[in-house]
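When we follow the working numbering, the leftmost residue of the sequence shown carries the number 117, and every step to the right adds one.
Note that beta-carbon positions come from the ideal geometry of N, C-alpha and C, so glycine has one too.
Heads up: the structure comes next, in structure tokens.
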Amino acid sequence: MKELLIATKNEGKIKEFREMFSKYGISVVSLLDHDPSIDIEETGTTFEENAVIKAEAMMNALNIPVVADDSGLEVDALNGEPGVYSARYAGIEKNDAKNTAKLLNELNRVSEEERTARFVCAVAVARPGEATFTKRGTCEGRIAEEPQGEQGFGYDPVFIPEGSSRTMAEHTSDEKNAISHRHHAIVQIEDWLKTQS
């Protein structure tokens with residue numbers, strides 16, 4: 117099985133990449149496997165810029181193909197916040213519970229029909245000697261009044277995907293991986309993934 121480095125230390129993302137890439141015969145290696153001390157500063161103003169920064173940093177260091185993603189939540193009533201700051205919304209220590217609590221507090225007086233939001237994922241593929249490319253996937257939905265469910269990570273307990281009455285955290289891994297923003301981005305790099313297996 118071919119190995120592919122995913123430039124992330126986020127255990128939730130690593131799990132999802134492993135599940136989604138297995139069907140292509142690809143084994144995922146993360147920064148946790150490679151070198152957990154690596155810390156790539158995300159200085160971009162868009163999901164795409166941050167994904168490229170991470171992918172190219174590791175590709176340049178190791179001279180191998182690298183995949184990275186940057187993802188987050190855009191809430192319409194908050195003018196697209198938390199956006200690229202989703203992981204650090206409540207502080208730089210990246211605490212899912214605190215981020216979710218801050219989000220719900222910000223939406224305290226917002227009506228159900230105005231709580232529309234989307235998960236966004238930009239995937240970057242960096243390859244030695246070739247141009248880096250990015251693809252974007254989204255998952256539309258709305259923000260629940262309170263957290264529900266034990267699956268997933270990040271804002272999953274308060275995000276209800278379009279067409280569902282359950283939060284993403286109440287979906288199984290297979291259900292989530294069939295509709296998520298990460299799924300929609302990865303499908304767009306499928307042709308390249310097939311050349312890697």
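At the level of alpha carbons, what is the spacing between residue 183 and residue 241?
5 Å
Classify residue 207 as buried or exposed, calling it buried when 16 or more other Cβ atoms lie within 10 Å of its own Cβ.
Label assigned to residue 207: exposed.
Residue 187 burial status per 10 Å Cβ neighbour count (16 or more: buried)
buried
Cα-Cα separation, residue 266 to residue 276:
14 Å
Would you say residue 238 and residue 272 are within 9 Å of each other, going by their C-beta atoms?
no
Please give me, in chain order, every unbroken run of the alpha helix (DSSP H) with length at least 4 that falls completely inside the stretch 185-209.
none
Where do the N-terminal and C-terminal ends of the alpha helix (DSSP H) with residue 141 fall, by residue?
No alpha helix (DSSP H) holds residue 141; DSSP gives it neither H nor E.
At a cut of 8 Å, does the stretch 126-133 reach the stretch 152-167 through at least three beta carbon pairs?
no
Return yes when the Cβ of residue 147 is within less than 9 Å of the Cβ of residue 118, no when it is not.
no
Beta-carbon proximity of residue 191 to residue 181, cut-off 9 Å:
No, the Cβ-Cβ distance between residue 191 and residue 181 is not below 9 Å.
Classification of residue 106 by the beta-carbon crowding that lies within 10 angstroms, buried from 16 upward
In the structure as shown, the chain begins at 117 and stops at 313. Residue 106 is therefore absent and cannot be evaluated.
Considering only C-alpha positions, which residue in the set 139, 128, 178 is nearest to residue 150?
178
Where does residue 224 land, buried or exposed, given buried means 16+ other C-beta within 10 angstroms?
exposed
First and last residue of the uninterrupted alpha helix (DSSP H) at residue 122
No alpha helix (DSSP H) contains residue 122, which is instead part of the beta strand (DSSP E) from 118-122.
Alpha carbon of residue 229 to alpha carbon of residue 161, nearest angstrom:
28 Å
Going straight from the alpha carbon of residue 218 to that of residue 139, what length do you get?
37 Å
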